[in-house]
Ligand SMILES: Nc1ncnc2c1ncn2[C@@H]1O[C@H](COP(=O)(O)OP(=O)(O)OP(=O)(O)O)[C@@H](O)[C@H]1O
Ligand SMILES: [Mg+2]
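Chains as they are written, first to last, in our numbering: chain A, 493 to 746; chain B, 43 to 401.
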């Protein structure tokens with residue numbers, strides 16, 4: 493098929509179609525993400541960005557097409573198995589475990605490969621992985637507080653930290669800066685840049701300014717299809733993109 | 043850590059109360075009643091784990107209580123019969139010991155079955171339903187239906203199970219007369235110690251990584267899946283543990299009270315256990331135990347005054363608790379304590395109430 497793990501791209505999506513009760517949310521998407529890339533995925537509301545991530549992570553089953561991760565077909569696999577292959581994601585609305593402390597959230601994420609019996613032991617101290625993740629997201633001062641007290645921005649960072657603590661080979665972030673203040677956006681941008689240095693990352697994002705500042709490679713999705721793909725400048729200059737997408741965000745931003 | 047020390051001190055205090063003070067001050071029949079409450083408390087502890095920590099509202103714990111109880115009672119009946127058929131079988135015209143009963147001639151098999159059978163049934167059920175992502179109200183209704191079906195099954199199989207009357211009239215409990223005060227006293231100690239040990243074990247479980255994972259499953263099962271864990275496994279294991287506890291509770295109940303019957307394990311007693319846990323406070327293990335002891339004590343006292351009224355009072359209390367104080371008595375206590383602490387130290391920076399999961 494499409495070769496061994498070595499020469500295959502990290503993520504290869506071919507002819508992906510998703511249908512919800514007769515409605516075509518994705519109508520034949522091709523997308524290739526190489527190792528080490530930081531790829532932005534944009535598109536107007538309802539373009540199918542979240543649906544695309546849902547398929548890759550096993551939440552939604554495709555009607556047709558293939559999703560190959562490092563040479564393995566993951567379409568139709570169960571969610572936790574896909575995570576174990578090395579794909580991690582965040583959600584548009586962040587979900588952290590409010591009753592657990594920040595460290596416990598990270599520890600839970602980091603420990604997903606532990607065999608069940610070893611989970612019966614109590615956590616003693618903080619593992620290196622967790623400490624590193626805590627450091628990356630800058631929540632050290634809140635380490636032992638319940639995640640329920642975190643602000644919206646801090647929750648998103650905690651989620652990203654939980655992903656990083658899992659050492660995934662591919663990170664899929666769904667609108668990580670939605671609803672954030674300006675400062676929080678900047679901080680998230682730096683965080684992204686830092687993480688992208690040693691991870692392959694796909695970011696879904698609406699915010700054009702954020703895109704201009706932090707994106708290099710961009711894929712534009714529109715009505716369930718890939719409209720344009722290229723670097724930020726080229727994509728922004730493309731008249732089709734301006735028509736379907738930029739016009740709207742100008743309105744939104746105003 | 044002072045909070046930790048306080049926890050140990052409290053546990054030691056309660057243990058002393060249960061093991062030293064209660065046997066000294068309570069008349070024999072009250073101590074016997076307390077032993078019964080402690081049996082229910084063991085089952086409630088399991089519900090505290092499954093429901094309070096794991097979010098699985100199990101309305102059928104009576105099934106596991108019953109399985110444990112019948113395993114113990116079957117052995118006792120066979121032991122009393124001493125090679126013959128148990129009395130109720132003779133009355134029902136049974137001529138040969140049913141194959142289901144055969145293994146229970148051995149006390150070892152019976153004691154193992156007390157835990158193993160409920161665990162096996164719960165595991166099977168868990169694998170079937172949690173994998174299919176049956177949860178919430180659907181799971182609750184399913185377990186309740188199971189309790190109803192189990193009750194009907196036992197009533198219907200008169201010759202095999204003793205029917206409505208259940209299994210009773212035991213004459214020899216491991217060499218002791220089960221009715222004797224000394225046996226009853228010993229059984230009280232055994233029950234109290236078993237409860238204490240299981241409480242400590244459950245508490246350890248709650249504090250472990252598994253316990254944290256369980257809370258995470260309760261609060262965000264789908265999210266847990268995307269952390270690479272299979273929530274079905276976590277829930278099945280916890281449900282099985284809670285079933286094992288209910289089985290132990292049922293097995294202790296038999297020598298303590300002297301009977302196991304369908305009316306002790308079908309829908310109503312299963313619901314009563316859950317109500318007790320809710321009233322005590324489902325989010326802490328101590329709350330579950332407290333609720334079981336307090337509610338069963340209240341039931342006894344109340345029924346002595348006004349038989350038949352208890353069920354209404356219990357139902358009303360459940361509704362009040364679920365709507366006004368979902369964290370139960372322990373939750374109210376914590377609220378009051380925090381309010382008091384805030385009043386005493388108004389200058390201290392406001393600390394949001396930490397939701398302590400472990401009790
Ligand atoms: N479970 C579902 N059932 C039916 N339709 C769905 C479902 N999920 C998504 N859709 C539809 O599929 C289309 C694509 O949705 P999707 O959430 O992928 O868009 P998106 O690009 O992420 O949009 P947004 O920017 O608003 O997050 C939308 O029209 C949406 O209404
Ligand atoms: Mg979306």
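Ideal placement from N, C-alpha and C gives every residue a C-beta, glycine not left out.
How about residue 172 of chain B and residue 341 of chain B: do their beta carbons lie closer than 7 Å?
no
Please indicate yes or no: does the CB of residue 249 of chain B lie closer than 6 Å to some heavy atom of ligand 2?
Taking 6 Å as the cut-off, the C-beta of residue 249 of chain B does not count as close to any heavy atom of ligand 2.
In terms of residue numbering, what span does the alpha helix (DSSP H) encompassing residue 186 of chain B cover?
179-198
Output yes or no for whether 7 Å exceeds the beta carbon distance between residue 307 of chain B and residue 102 of chain B.
no
Cβ of residue 278 of chain B within 6 Å of any heavy atom in ligand 1?
no
To which residues of the same chain is residue 373 of chain B closer than 8 Å at the C-beta, ignoring the five residues directly before and after it?
Only 323, 325, 329, 367 meet the Cβ criterion.
Burial state of residue 643 of chain A (16 or more Cβ within 10 Å):
exposed
Let me know the secondary structure DSSP gives residue 692 of chain A once reduced to three states.
strand
Expressed to the nearest angstrom, what Euclidean distance is found between the alpha-carbon atoms of residue 193 of chain B and residue 117 of chain B?
20 Å
Is it buried or exposed, residue 666 of chain A, if we count other Cβ atoms within 10 angstroms and call 16 or more buried?
buried
Tell me whether residue 711 of chain A, by its Cβ, gets closer than 6 Å to a heavy atom of ligand 2.
no
From what residue to what residue does the beta strand (DSSP E) around residue 556 of chain A run?
556-561
Which residue or residues does DSSP assign as beta-bridge partners of residue 521 of chain A?
A/508
To which residues does DSSP link residue 246 of chain B through a beta bridge?
DSSP, once it has assigned bridges, lists no residue as partnering residue 246 of chain B.
Hey, how far is the Cα of residue 634 of chain A from the Cα of residue 592 of chain A?
12 Å
Give a yes or no on whether the minimum CB-CB distance between residue 272 of chain B and chain A is below 7 Å.
Yes, contact with chain A.
When you check each C-beta in the stretch 290-309 of chain B against every C-beta of chain A, which residues fall closer than 8 Å?
none
Straight-line gap, residue 266 of chain B to residue 700 of chain A (C-alpha atoms, nearest Å)
32 Å
Please report the Cβ distance between residue 315 of chain B and residue 85 of chain B, rounded to the nearest whole angstrom; I am assuming they are in contact, meaning their Cβ atoms lie under 8 Å.
6 Å
Assuming residue 309 of chain B and residue 356 of chain B form a contact by the criterion Cβ under 8 Å, report the distance between their Cβ atoms to the nearest whole angstrom.
Incorrect: roughly 14 Å between the Cβ atoms, too far for contact.
Starting from the beta carbon of residue 549 of chain A, find every residue of chain B whose beta carbon is closer than 7 Å, and list them in chain order.
268
Can you tell me the Cα-Cα spacing of residue 640 of chain A and residue 589 of chain A, whole angstroms?
7 Å
Closest by C-alpha distance to residue 202 of chain B, when choosing among B/129, B/385, B/151, B/283:
B/129
Mapping DSSP to helix, strand and coil, what is residue 266 of chain B?
helix
When the cut-off is 7 Å and only beta carbons count, does residue 746 of chain A lie next to chain B?
Because the pLDDT at residue 746 of chain A is just 40, under 50, the model does not fix this residue reliably, and the point stays unresolved.
Give, in chain order, every residue of the stretch 566-589 of chain A whose Cβ lies closer than 7 Å to some Cβ of chain B.
571, 572, 575, 576, 581, 587, 589
Does DSSP put residue 604 of chain A in a helix, in a strand, or in coil?
coil
Any C-beta of chain B within less than 8 Å: which residues of the stretch 644-674 of chain A qualify?
Within the stretch 644-674 of chain A, the residues whose Cβ lies closer than 8 Å to some Cβ of chain B are 654, 658, listed in chain order.
Starting from residue 664 of chain A and walking both ways along the beta strand (DSSP E), at which residues does that stretch end?
662-666 is the span of the beta strand (DSSP E), which, as asked, contains residue 664 of chain A.
I'd like to know whether the C-beta atoms of residue 653 of chain A and residue 629 of chain A end up nearer to each other than 7 Å.
yes
Limits of the unbroken beta strand (DSSP E) element including residue 709 of chain A:
709-714
Determine, for residue 265 of chain B, whether the minimum Cβ-Cβ distance to residues of chain A falls below 7 Å.
yes
First and last residue of the uninterrupted alpha helix (DSSP H) at residue 107 of chain B
Counted as a single uninterrupted DSSP element, the alpha helix (DSSP H) harbouring residue 107 of chain B occupies residues 103-123.
Could you compute how far the alpha carbon of residue 21 of chain B sits from the alpha carbon of residue 302 of chain B?
The requested residue 21 of chain B is not part of the displayed model; chain B covers only 43 to 401.
Could you give the residue range of the alpha helix (DSSP H) that holds residue 573 of chain A?
571-577
Run through chain B and tell me which residues come within less than 8 Å of residue 616 of chain A, C-beta to C-beta.
One finds nothing in chain B with a Cβ atom closer than 8 Å to the Cβ of residue 616 of chain A; even the nearest lies about 10 Å away.
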